[in-house]
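Heads up, the thing below is written out as structure tokens.
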Amino acid sequence: MRESVRDRLLAGYDGTADRDGVSGKRLAERLATLALIGETEDGGVNRPGFSAEEKRAKEQVMEWMREAGLDVRMDGAGNVIGRLDGKSDGPAFAAGSHVDSVPNGGNFDGPLGVLSALEVVEAWKETGYEPPVPVEVIIFSEEEGSRFGAGIMGSQAMTGDMGHEALSVLSDSEGNSFEEVISAYGTTVDEFLGAARDLKEIGFYAEIHIEQGKLLEQAGLPAGIVKGIAGPAWLNVVFRGTAGHAGNTPMIGRRDPLVAAGRFLHEVSSLPAQFSDTAVATVGKLNVSPNGANVIPEEVALTVDIRDLDKTARDGLVEKVRETAKRCAVEGGVEVSLDLASSIDPVPVPDEVREELGQVFEEAGIRPMELMSGAGHDAMILGGHVPMAMIFVKSIEGISHNPAEWSDLGDCITAVHLLKQFAEQRMVKMAAHEG
Ligand SMILES: [Zn+2]
8 MRESVRDRLL AGYDGTADRD GVSGKRLAER LATLALIGET EDGGVNRPGF
58 SAEEKRAKEQ VMEWMREAGL DVRMDGAGNV IGRLDGKSDG PAFAAGSHVD
108 SVPNGGNFDG PLGVLSALEV VEAWKETGYE PPVPVEVIIF SEEEGSRFGA
158 GIMGSQAMTG DMGHEALSVL SDSEGNSFEE VISAYGTTVD EFLGAARDLK
208 EIGFYAEIHI EQGKLLEQAG LPAGIVKGIA GPAWLNVVFR GTAGHAGNTP
258 MIGRRDPLVA AGRFLHEVSS LPAQFSDTAV ATVGKLNVSP NGANVIPEEV
308 ALTVDIRDLD KTARDGLVEK VRETAKRCAV EGGVEVSLDL ASSIDPVPVP
358 DEVREELGQV FEEAGIRPME LMSGAGHDAM ILGGHVPMAM IFVKSIEGIS
408 HNPAEWSDLG DCITAVHLLK QFAEQRMVKM AAHEG
């Protein structure tokens, strides 16, 4: 029998980080409970956005939130907001993440951020600490984008970054429109858009997330400070040539879009280094049509995913990729069309926040290592509107979006303490600012 998530987490935990009301056992049991919702054969989870499983996971967390004394509501986008009153009113300190997953995803990506934020509240409840300003624990809907190919939907609904037009073109792999899916979920498009909040209600947003990379593991650190989230730009590229029989068409004079695309792919891989150390460009999806072994293709469509923390470098790279596609088309005697399908601005974490978090790390005896987030997160959306902080937790072997995804409980609990300490300091400043 497979070792349960709970047993495995607790087996690797010596309990020494259980203090100030924080409980490793409680966090382990909650992670394990969510791991059973949408559980897959190999120990992962299937909880697509707006699925019955995602909803059940939210309902489970809502129950825990109520037990912890939070005032809980679900907005029209399915975001869950658990609120704790502060000694004074004013903008809230919010923290959270998501509970949806990619198909056969892992047990930490998302749930760790939600349950860590809740663990901080549990610790306060146990020690009798009253926050100086209101606190919110938030579960955002559909972060992963596995349902509609458009992620971070709940956070964009909350910040008002999503409009009718963007929603009207969405459909899932079974051909269901966004409207159909959301109505089965128990809400409507209007209610979804109505989830947009007055963002003056939120004074700060913090998120704990697994690193999904190996840098912390290589550095031997339990947690790190995110210095910013690289905004992705998606450039759709379509090369068009002339289809023909592989046997009857001489090599000379062919207009083969796959040959042009191949040259393009090769060149793209060397472009990011010309712009910055952190820039990346990836082609992970290629559609060849008609896609027959004995047919010269007529069309090759692909998407280049381009990211960097520095917007100028990122945009420069997008331009360079465009020029390269055009040149490869000319050289290959084919046509090309280019379309920038989406472009999200990179979100840097404010210097002052990084410094403050760095001090919290140092006081906890942890070297404050800063790292870039190459993946998008709800914090990227919130960070476009309010000051934001993200703490990454070490991922074993950097594995993510996979049932083998793992973080040790001791590292998770260390991050809970870091968030708790940071929140307590931040809230004092927020209260002083209000008063
Ligand atoms: Zn995530």
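Take 8 as the starting number for the sequence shown in my numbering and just add one per residue. Don't be surprised by glycine CBs; every beta carbon is placed ideally from N, CA and C.
Contact fails between the region 203-220 and the region 265-283, because fewer than three Cβ pairs, one in each stretch, are under 8 Å apart. By the criterion of a C-beta distance shorter than 8 Å, I44 is surrounded in its chain by V52, R54, E60, R63, A64, Q67, once the five residues flanking it on both sides are discounted. Short note on S162: C-beta not closer than 7 Å to any heavy atom of ligand 1. If only complete runs of 3 or more residues are kept, the region 196-233 shows the beta strand (DSSP E) at 209-217, in order along the chain.
If you draw a straight line from the Cα of V367 to the Cα of L425, it comes to about 7 Å. Within the same chain, Cβ atoms closer than 6 Å to the Cβ of I313 are found at A240, A288, L324, V325, the five residues on either side in sequence being excluded. Judged by their CB atoms, V188 and V343 are not nearer to each other than the 8 Å cut-off.
Secondary structure of A308 (DSSP, three-state): strand. In the three-state scheme derived from DSSP, where H, G and I count as helix and E and B as strand, M81 is classed as strand. Under DSSP, G235 shares a beta bridge with P355, M379. Residue side-chain check: G248 keeps its Cβ at 7 Å or more from all non-hydrogen atoms of ligand 1. Of the other Cβ atoms in all chains shown, fewer than 16 fall within 10 Å of the Cβ of D346; this residue is therefore exposed. Comparing C-alpha distances from A101 to each of A430, H440, A439, V435 shows the shortest one belongs to A430.
Looking at the DSSP output, S178 sits in a beta bridge with S184. Residues R80, E143, I145 of the same chain have their beta carbon placed closer than 6 Å to that of I88, with the five preceding and five following residues left out of the count. Placement of the Cβ of D205 at a distance of 7 Å or more from every heavy atom of ligand 1 is found.
Annotation note: the region 357-435 contains the following uninterrupted beta strand (DSSP E) runs of length 3 or greater, listed N- to C-terminal: 377-380, 395-400. Listed by position along the chain, the residues with Cβ atoms less than 5 Å from a non-hydrogen atom of ligand 1 are D116, G117. A contact between stretches requires three or more CB pairs, one per stretch, nearer than 8 Å, and the region 263-271 meets this requirement with the region 317-337.
As computed with DSSP, I303 is found in a beta bridge with G251.
Looking at the backbone, the Cα of E129 and that of D358 are separated by about 30 Å.
Taking 8 Å as the upper bound for CB-CB distance, V311 and A253 are not in contact here, some 27 Å apart. One alpha carbon belongs to T285, the other to F211, and they sit about 27 Å apart. Residue burial is scored here from C-beta neighbours: Q281 has fewer than 16 other C-beta atoms within 10 angstroms and is therefore classed as exposed.
When C-alpha distances from G372 are compared across L364, L125, E198, the shortest belongs to L364. Take the alpha-carbon of S380 and the one of P257: they are about 48 Å apart. Taking all protein chains shown into account, I388 has 16 or more neighbouring C-beta atoms within 10 Å of its C-beta and is therefore buried. Closest in alpha carbon position to F155, among E133, P110, D168, E137, is P110. Counting only runs of 4+ residues, the alpha helix (DSSP H) found wholly inside the region 12-96 occupies 12-18, 31-42, 59-74, in chain order. In the DSSP annotation of this structure, the continuous segment of the beta strand (DSSP E) that includes S349 starts and ends at 342-350. If you compare the alpha carbons of M69, E306, S58, S175 with that of A250, the shortest gap goes to E306. In this structure, the alpha-carbon of S175 lies about 19 Å from that of S58. Restricting attention to I351, F246, V196, L38, the CA atom closest to the CA of E126 is found in L38. A Cβ-Cβ separation of about 13 Å leaves H408 out of contact with H216 under the 8 Å criterion. For R433, the closest alpha carbon among the candidates R361, V400, G391, T134 is that of R361. Contact between N114 and A42 holds, since their C-beta atoms are separated by about 4 Å, short of 8 Å.
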